[in-house]
Amino acid sequence: MLNLKEASVTFPQMRILSGIQPSGALHLGNYFGMMRPSIELQEKGEAFYFIANYHSMTSLSNAEERRKNTIDVALDFLACGLDPKKSVFFRQSDVPEVTELAWMLTTITPMGLLERCTSYKDKIAKGISSNHGLFAYPVLMAADILIYDSNIVPVGRDQKQHLEVARDIANKWNNEYGQTFVIPEPQIRDDVAEVPGMDGQKMSKSYGNTIEIFGDEKVIRKKIMSIVMDSRTPQEPKPDAEKNLALQLLKLVAPQDVAKNLEERLRAGGLGYGDLKKTLFEQYWTYFTAAREKRKELAANLNYVNRVLEDGAGRARAVAVPVLKRAKLACGLD
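Basically my numbering = 1-based index in the sequence shown + 2.
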């Protein structure tokens with residue numbers, strides 16, 4: 003039998019891995035924090051992107067809603083530019099090897115490592131029900147990353163700790179059983195690492211403070227116009243304009259010169275908050291015009307969307323099965 007420690011294990015030069023939960027409508031935080039960077043990276047390496055429906059079970063218990071959300075995420079990603087010819091795009095649950103690896107990783111994961119994760123504590127503090135899945139989320143995330151020999155993982159700043167946990171788990175396994183897993187590296191875009199929500203906190207479905215990518219026009223307009231501003235009059239200069247929530251969001255969706263002009267007017271005084279929010283809505287709506295049209299076309303051809311996911315799962319398993327085999331051989335299960 004092959005001895006793993008003597009085997010020559012060849013790792014890819016550049017494999018990118020990222021996932022997103024189908025726990026609700028995708029929003030600007032998802033787009034700028036994860037989706038757009040991931041779509042850009044499909045030009046630079048071998049990209050594996052999955053819909054994290056196992057992970058969604060920690061916060062969503064409605065089966066039909068999960069099915070609908072999963073298709074919606076696929077539609078959103080494809081509409082925004084993910085190319086299935088350049089990326090491996092699939093449902094997490096279509097690769098059962100990931101949950102088998104997750105169990106194997108739990109056996110060498112120290113409890114203290116998980117107890118230090120701030121995301122779990124933050125979600126509990128926000129009123130999300132505690133369960134083992136929520137607590138063990140970083141272990142499944144580690145399995146997601148390690149089973150594809152991932153080199154680069156684009157993450158928001160709030161997920162950086164979970165990636166560090168994945169690195170710790172991989173190193174512990176490699177020290178225990180011999181060189182088995184690639185040690186992944188995070189990629190964080192500081193300019194959009196954390197997109198603010200309607201209340202100034204991080205934009206999150208869990209907090210109900212989102213602006214959806216493909217939201218209803220009237221609903222989104224009302225949301226944006228309801229963003230709470232301070233009590234200063236339009237004429238008053240705003241030397242702290244960079245802290246203005248509407249302006250921060252505008253900088254994401256507007257051309258640089260448009261955003262710069264409004265920021266200067268805000269600093270100097272004379273720009274009303276109502277006008278700023280109207281511009282924000284107009285720029286947001288224009289930004290996703292082409293994607294909205296493409297999404298309509300995809301929604302009318304769900305057979306194609308499902309074929310993309312099925313094909314992606316097959317390509318993902320072609321990588322996952324050998325990696326799982328390597329791990330089982332290393333720890334004596336094979």
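The C-beta atom is built at its ideal place from N, Cα and C for all residues, glycine as well.
Taking C-alpha atoms, which residue in the options lies nearest to residue i?
i	options	result
Ile73	Ile53, Ser61 and Leu84	Ile53
Ala76	Leu107, Gly21 and Gly271	Gly21
Leu300	Gly47, Ser61, Asn32 and Phe79	Phe79
Arg95	Ala329, Ala315 and Val323	According to the sequence as given, residue 95 is Ser; it is not Arg. Ser95 has its Cα closest to that of Ala315, out of Ala329, Ala315 and Val323.
Gly183	Asn32, Leu335 and Pro324	For clarity, residue 183 is Phe in the given sequence; the question names Gly instead. Measuring from the Cα of Phe183, the nearest candidate turns out to be Pro324.
Leu103	Val221, Thr60, Ile149 and Asn133	Ile149
Lys279	Pro257, Ala127, Leu251 and Glu295	Leu251
Cα separation between residue i and residue j?
i	j	result
Gly114	Ile147	21 Å
Val155	Phe50	10 Å
Glu66	Glu42	32 Å
Leu264	Trp175	52 Å
Pro86	Gly26	23 Å
Leu245	Arg269	For the sequence presented, residue 245 should be read as Lys rather than Leu. Near 11 Å, if we compare the C-alpha coordinates of Arg269 and Lys245.
Ile229	Leu142	36 Å
Asn153	Tyr139	20 Å
Asp313	Ser233	54 Å
Indicate the three-state DSSP secondary structure (helix, strand or coil) for residue i in the structure shown.
i	result
Gln189	strand
Arg93	strand
Arg54	In the sequence as displayed, the identity of residue 54 is Ala instead of Arg. Coil.
Ala9	Any reading at Ala9 must be qualified, since the residue scores a pLDDT of 33, below 50, and its modelled position is unreliable; the value itself is stated next. The answer is coil: DSSP assigns Ala9 none of H, G, I, E or B.
Met3	Residue confidence is low: Met3 scores 30 on pLDDT, short of 50, so the model does not pin down where it sits. No coordinate-derived value is stated.
Ala49	strand
Pro14	Reliability fails at Pro14, whose pLDDT of 46 lies under 50, so the model's placement of it is uncertain and no value is given.
Leu19	strand
Glu166	helix
Glu238	coil
What does residue i pair with, by DSSP beta-bridge criteria?
i	result
Val155	Pro188
Ser121	None, per the DSSP bridge assignment.
Lys204	Pro198
Using a threshold of 9 Å, state whether the C-beta atoms of residue i and residue j are closer than that.
i	j	result
Ala144	Val167	yes
Thr281	Val310	no
Val90	Glu48	yes
Asn173	Ile190	no
Ile226	His29	no
Phe290	Phe216	yes
Ala256	Gln285	yes
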